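Q: Numbering follows UniProt numbering, with no gaps: position 522 of the sequence shown is 522.
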Amino acid sequence: MSTDAIIVLMVIGAAVVLFATEWLSIDLVAILIMVTLTVTGVISTEEGLSGFSNPATITVAFMFVLSYALLKTGSLQRIGPYLGPIFKKNFNLGILIMMMFIGVVSAFINNTPIVAMFIPVMVSVANLSGYSPSKLLIPLSYASIFGGMCTMIGTSTNMLVSGIAVKNGLDDFPMFLSAPVGIVFIVVGAIYIYFFGKKLLPDRISEENLSKKFGMRDYLTEIEVLDESEFVGQRIMDSILATELEIDVIEVRRNGGTLFTLPPGDFVIKPKDVLKVRCDVEKIKALKDRLKVNFNTDAVRINENEIQKGDTSILELIITSGSEFEGKNLREMDFRRRYRAIPLAILHREEVVHENLHSVRLNAGDVILTEIKTHRLPNLKRQEMTQKSPFIVLSEEGVIDFNRKKFLTVFAVIAGVVGLATAGVIPIVMSTLLGAMVLVLSKTINMREVYESIEWKIIFLLAGALSLGVAMVNSGLASIISDFLVNELGNYGPVVILSGMYLTTSLLTEIMSNNASAALIAPIAITTADKLDVSPYPFLIAVMIAASASFMTPIGYHTNTMVYTAGQYRFRDFFRIGVWLNLGFWLIATFIIPLFYPF
């Protein structure tokens, strides 16, 4: 094994650990891969940076723009009111219709914003139809994954594999190359959920009382400031409440009537003020004599029926995958000043955090229970509808109206993009670029929105992943691994090797990025096909599909992460329903891929 191959192997090992542990963000890991491989001389500077100019990367960038434009029209939200009665009448039929709809839309639009938009819709549908949201949100995530498998623009992973293929001298993938397998998987997946979903999916009744759900009884109270209290006359930010005890003042009632909600840090405390605060009540009790306050724990309750009262509202904000909040804390994000909001609790996986909230490192899927000024809600919802929204608002209804004219324009543009690329009139990359420019020229969106809608985190991830693919070939590591596969499994035929590649890619996706998994295995697939003297397309289709087939864990695919906390799921819930889906898809893929794509 050459020195370059050893370096690439070490880089892969480090990358797997970093992807799996999430010590660093996935885009940073990808850039580190690119820099390391370039600095060590495994690939040239031009090869290292070529991922940014690769047609696959550019196509994905402008697909984000098309997705944003469609979401901005408010068209997808209109499906919610129609689903409720269907679910109420026939749960299984509702699941089937929802999954088919999401699957079709996800074939042409990035699935992350679709799932982000539909989480509150499906929670509302669940509440109206009398079912737990946990019965609906995993199927929502799975359906978006199924749909993304059907077209080249359905998910960035498909474009990544296509880009690696082109880099290795193969033709660009047609728009619907993976459609035969993707359609089979949509049908099989929907049938599986239809017959077994209701039984295998957990029935976690959503707690109507947010105070109970977030365990707020011991963390919300009212304190009355006595005349002799040491912080009388002080600003909140200068008082012991903020400087030593890290107590958040949510509300101040003065003279028995005047109410100041979410007071700013320079608000001056006066005698007899009654403060509604978020804190450890036991800490207040212990310091009662020193603080010179009276307190009343029973004065504060948070009820689902009163989430909007006066000029403040109680919201649940779910951190999205790729959010600017990911890996940061609320203090770094200047959360209170930026949103005029106070965090009450943070739900991280299955743990509720009440203390030191401003210092908690946030992950995708975490839920922030927060109190916010009601007049800020429209701005908050408009931000939620953007492609790069940092969170999903779970406890409020959407406020974006349906714009029929813009919807027809966007629909026509997306249809044109797909039609031109499918007919081979122009390459996919040029059709998506043309589509984005038509939307700008028609004033459906503006250039600022173009820049803001692109998920640069994914773009950097793709660029780094493509450089890893080049390094696999340049170093000879792909050839070494393919030699091993051919020598050990060659006698059993290409179908067995294809089956092994699918299974390996699928398992890697469960612990690391789907794009990284595809970038790792795709070069091996091409080299193996060359050594077997067979078509590389069956192997590449297997890698492409398997890289998206993450059903067993909430961390393997970003949409699973997004629904994890919203549905009050546990890790084992995904394994319980997803393991059979993974195994079934593996067996089906082993037989139908060679059927649709002969060797």
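Beta carbons: idealized from backbone N, C-alpha and C, even for Gly. Computed from a predicted model, the values in this text were never measured in an experiment.
Tell me which residue opens and which closes the alpha helix (DSSP H) that Lys272 is part of.
A: Numbered from its first residue, the sequence shown carries residue 272 at position 272. Per DSSP, Lys272 belongs to no alpha helix (DSSP H) and is neither H nor E.
Q: Find the nearest neighbour of Pro264 within the set Met237, Ile247, Leu275, judged by alpha-carbon distance.
A: Indexing the sequence shown from 1 puts residue 264 at position 264. Measuring from the Cα of Pro264, the nearest candidate turns out to be Met237.
Q: Closest to Ser313 by C-alpha separation, out of Phe335, Glu371, Asn329, Met512, would be which residue?
A: As a first step, residue 313 must be located in the sequence shown, where it is residue number 313. Per the Cα distances, Glu371.
Q: What do you reckon, are the CB atoms on Leu275 and Val249 nearer than 7 Å?
A: In the sequence shown, the residue the question calls residue 275 occupies position 275. In the sequence shown, the residue the question calls residue 249 occupies position 249. Yes.
Q: Provide the residue span of the beta strand (DSSP E) that contains Pro343, from first to last.
A: Indexing the sequence shown from 1 puts residue 343 at position 343. Per DSSP, Pro343 belongs to the beta strand (DSSP E) from 341-348.
Q: Report, in whole angstroms, the separation of the C-beta atoms of Gly567 and Leu137, which I expect to be a contact under 8 Å.
A: The residue given as residue 567 occupies position 567 in the sequence shown. The residue given as residue 137 occupies position 137 in the sequence shown. Contact flag correct, Cβ pair sits at about 4 Å.
Q: Tell me which same chain residues have a C-beta within less than 7 Å of the C-beta of Ala471, skipping the five on either side of it?
A: Within the sequence shown, the letter at position 471 stands for residue 471. If we look at Ala471 and ignore the five residues flanking it on each side, its Cβ neighbours are Val8, Leu37, Val42, Ile43.
Q: So is Lys167 buried or exposed if we call it buried at 16+ other beta carbons inside 10 Å?
A: As a position in the sequence shown, residue 167 is number 167, starting the count at 1. Under this definition Lys167 is a buried residue.
Q: Taking Gln234 as the reference, give the member of Trp586, Leu262, Pro271 with the closest Cα.
A: Your numbering for residue 234 matches position 234 in the sequence shown. Cα-wise, what sits closest to Gln234 is Pro271.
Q: With distances taken from CA atoms, which of Ser359, Asp334, Arg340 is nearest Asn346?
A: On the sequence shown, position 346 is the one that residue 346 refers to. Residue identity differs from the one stated: residue 346 is Ile in this sequence, not Asn. Nearest C-alpha to Ile346: Ser359.
Q: So, Leu128 versus Gly84, is the Cβ gap smaller than 7 Å?
A: Taking the sequence shown and counting its residues from 1, the one referred to as residue 128 is at position 128. Taking the sequence shown and counting its residues from 1, the one referred to as residue 84 is at position 84. Yes, these two residues count as a Cβ contact at 7 Å.
Q: For Gly130, which residues in the same chain have their Cβ closer than 8 Å to its Cβ, ignoring the five residues on either side in sequence?
A: By 1-based counting over the sequence shown, the position of residue 130 is 130. Contacts found: Lys88.
Q: Between the stretch 491-508 and the stretch 452-468, can you find at least three pairs of beta-carbon atoms closer than 8 Å?
A: They do not touch, by the three-pair rule.
Q: Under 8 Å Cβ to Cβ from Ser389, same chain only, skipping five residues before and after it: list those, please.
A: By one-based count along the sequence shown, residue 389 stands at place 389. Around Ser389: Pro113, Ala116, Thr320, Ser323, Gln383.
Q: List the endpoints of the continuous beta strand (DSSP E) containing residue 613.
A: The question about residue 613 has no answer, for the chain in this structure spans 1 to 599.
Q: Here's the rule I'm using: 16 or more other beta-carbon atoms within 10 Å means buried, otherwise exposed. How should Tyr537 be labelled?
A: One-based indexing of the sequence shown puts residue 537 at position 537. Buried.
Q: Taking Cβ positions, are Phe325 and Leu357 nearer each other than 7 Å?
A: By 1-based counting over the sequence shown, the position of residue 325 is 325. By 1-based counting over the sequence shown, the position of residue 357 is 357. Cβ atoms of Phe325 and Leu357: not closer than 7 Å.
Q: Within the continuous beta strand (DSSP E) that includes Phe391, where are the two ends?
A: The sequence position of residue 391 within the sequence shown is 391, counting from 1. From DSSP, the beta strand (DSSP E) with Phe391 extends over 391-393.
Q: In terms of alpha-carbon separation, which member of Glu22, Leu433, Asn446 lies closest to Val60?
A: Taking the sequence shown and counting its residues from 1, one reaches residue 60 at position 60. The shortest C-alpha separation from Val60 is found at Leu433.
Q: What residues are listed by DSSP as bridge partners for Val240?
A: If you number the sequence shown from 1, residue 240 lands on position 240. Checking the displayed sequence, the identity of residue 240 turns out to be Ile instead of Val. Bridge partners of Ile240: none, in fact.
Q: Would you kindly check if the distance between the Cβ of Met159 and the Cβ of Ala56 is under 7 Å?
A: Position 56 of the sequence shown holds residue 56. Position 159 of the sequence shown holds residue 159. Yes, the Cβ-Cβ distance between Ala56 and Met159 is below 7 Å.
Q: Rank Ala478, Ala15, Ile481, Arg404 by C-alpha distance to the C-alpha of Asn515 and give the top, closest one.
A: In the sequence shown, counting from the first residue as 1, residue 515 sits at position 515. The option with the nearest alpha carbon to Asn515 is Ala15.
Q: At what residues does the beta strand (DSSP E) containing Arg254 begin and finish?
A: In the sequence shown, the residue the question calls residue 254 occupies position 254. 248-254 is the span of the beta strand (DSSP E), which, as asked, contains Arg254.
Q: State buried or exposed for His558, treating a residue as buried only when at least 16 other CB atoms are found within 10 Å of its CB.
A: Taking the first residue of the sequence shown as 1, we reach residue 558 at position 558. Burial call: buried.
Q: Mind checking which residues open and close the alpha helix (DSSP H) that includes Glu452?
A: Locating residue 452 in the sequence shown gives position 452, counting from the first residue. Where Glu452 is concerned, the enclosing alpha helix (DSSP H) stretches over 447-453.
Q: I need the DSSP call for Ile7, collapsed to helix, strand or coil.
A: Start at 1 with the first residue of the sequence shown, and residue 7 comes out as number 7. Ile7: helix per DSSP, three-state reduction.
Q: Report yes or no: do the stretch 142-151 and the stretch 177-186 share at least 3 C-beta pairs separated by less than 8 Å?
A: At 8 Å Cβ cutoff, the stretches touch.
Q: Any chance the stretch 17-36 sits against the stretch 66-80, with 3 or more Cβ pairs inside 8 Å?
A: No, the stretch 17-36 is not in contact with the stretch 66-80.
Q: To the nearest angstrom, report how far apart Phe585 and Met501 are at their CA atoms.
A: For the purposes of this step, residue 585 is taken as the residue at position 585 of the sequence shown. For the purposes of this step, residue 501 is taken as the residue at position 501 of the sequence shown. Going from the Cα of Phe585 to the Cα of Met501 covers about 13 Å.
Q: In or out: Glu397 buried (at least 16 other Cβ within 10 Å) or exposed?
A: As a working mapping, residue 397 is identified with position 397 in the sequence shown. At Glu397, the pLDDT of 46 sits below 50, so the modelled position is not reliable and the matter cannot be decided from this model.
Q: In three-state terms, what does DSSP make of Lys373?
A: Within the sequence shown, numbered from 1, the residue matching residue 373 stands at position 373. In the structure shown, Lys373 sits in a strand (DSSP, three-state: E or B).
Q: I need the boundaries of the alpha helix (DSSP H) containing Ser106, first residue and last residue.
A: As a position in the sequence shown, residue 106 is number 106, starting the count at 1. From DSSP, the alpha helix (DSSP H) with Ser106 extends over 91-106.
Q: What three-state label does DSSP hand Arg576 in the structure shown?
A: To locate residue 576, count along the sequence shown from 1; it is residue 576. Arg576 falls in the helix class under three-state DSSP.
Q: Assign Glu355 to one of three DSSP states: helix, strand, or coil.
A: Indexing the sequence shown from 1 puts residue 355 at position 355. Looking at Glu355 - three-state DSSP - the assignment turns out to be coil, as it is neither helix nor strand.
Q: Here's a check: name, in chain order, each residue in its chain whose Cβ is nearer than 8 Å to the Cβ of Met175, leaving out the five neighbours to either side.
A: Position 175 of the sequence shown, counted from the first residue, corresponds to residue 175. For Met175, where only same-chain residues beyond five positions count, the Cβ hits under 8 Å are Thr151, Met152, Ile153, Val418, Ala421, Thr422, Ile428.
Q: Near Thr155, which residues of its chain fall below 7 Å by C-beta distance, leaving aside the five closest residues on each side in sequence?
A: Start at 1 with the first residue of the sequence shown, and residue 155 comes out as number 155. Correct list, in chain order: Asn111, Gly148, Ser548.
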